[in-house]
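One rule links them: number in the working numbering = place in the sequence shown (from 1) + 843. The beta-carbon is built from N, C-alpha and C at its ideal position, and this holds for glycine as well. For clarity, every value in this text was computed on a predicted model and none was experimentally measured.
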Amino acid sequence: MSSYKPTEEEKERFMSRAIELSDEGPSNGHGGPFGAVIVKGGKIIGEGYNRESIDCDPTAHGEMTAIRQASKNIKSCDLSGSEIYTSCEPCSMCTSAIWLCRLDRVYYGNRLSDTQDIMDLTPLVKDVATPIDQRSTPGEQIKSKSRQAKDVIIKWANNPNLNEYLLTKMKDEKAQ
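Written out as structure tokens, the structure reads:
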């Protein structure tokens, strides 16, 4: 956790930039109305807006594009010590990415429930919480390949240099 604490003026400035970005996607025909900036020590290290239409990538949400840019800029997947300012409360996918890259805090403009009449994500949230074999896109385990797939993960886990930030994150979460 970073010791840096943004002032109210900085919070408003960074949120204003996220909201500006949220208008760029739809204005340019690139995607939906969501934008985000990633800040470390009072400086923007990544920013993005929805680009799912222009990139033909359903994962190109504002938060995701900002995380990708910030990670490239600092040459690390570990964004500890940074915070994200996003025009809207993050969806389940973006929340997962925020957790994985270890952002310290999320500042958001509006809640998902504020725009529920326009875009209701309640079914998505429920689907993600449902066991995989009961989801709207059901999953089926190929049991004959289970051990082989797990062995790759075990091999990876025994070489922490490959993804030390993720292993540390998982250990930190388990300890709490």
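- The region 916-930 and the region 877-893 touch, with no fewer than 3 CB-CB distances between them shorter than 8 Å.
- In this structure, DSSP gives ALA903 a state outside helix and strand, which the three-state scheme calls coil.
- If you check the CB distance, GLY878 and ILE897 do not come in under 8 Å.
- Secondary structure within the region 900-959: the beta strand (DSSP E) runs of 3 or more consecutive residues, fully enclosed, are 925-931, 948-953 (chain order).
- Taking C-beta atoms under 8 Å as the contact rule, GLU853 and GLY885 qualify, at a distance of about 6 Å.
- With the rule of 3 Cβ pairs closer than 8 Å, the region 927-937 counts as touching the region 960-972.
- Beta-bridge partners of GLU890 (DSSP): VAL880.
- In the assembly as shown, ASN1002 is an exposed residue. Its beta-carbon has fewer than 16 other beta-carbons within 10 Å.
- With respect to the 8 Å criterion, SER979 and ASP970 are classified as neighbours on the basis of their beta carbons.
- Just so you know, the alpha carbons of ARG911 and THR938 end up roughly 14 Å apart.
- Between the C-alpha atoms of GLU855 and SER930 there is a straight-line separation of about 11 Å.
- Annotation: PRO901 to GLU851 spans about 33 Å, alpha carbon to alpha carbon.
- When the alpha-carbon of MET858 is set against those of VAL995, ASN953, SER846, the nearest one is in ASN953.
- In summary, ASN871 is exposed, with fewer than 16 beta-carbon neighbours lying within 10 Å of its beta-carbon over all protein chains present.
- Apart from sequence neighbours up to five positions away, the residues of its chain that approach GLY874 with a beta-carbon distance below 6 Å are GLY868, ASN893, ARG894, GLU895, SER896, ordered along the chain.
- Taken through DSSP and simplified to helix, strand or coil, ILE862 comes out as helix.
- Counting along the chain, ILE996 sits inside the alpha helix (DSSP H) bounded by residues 989-1000.
- Here SER845 is near ASP947, since their CB atoms are less than 8 Å apart.
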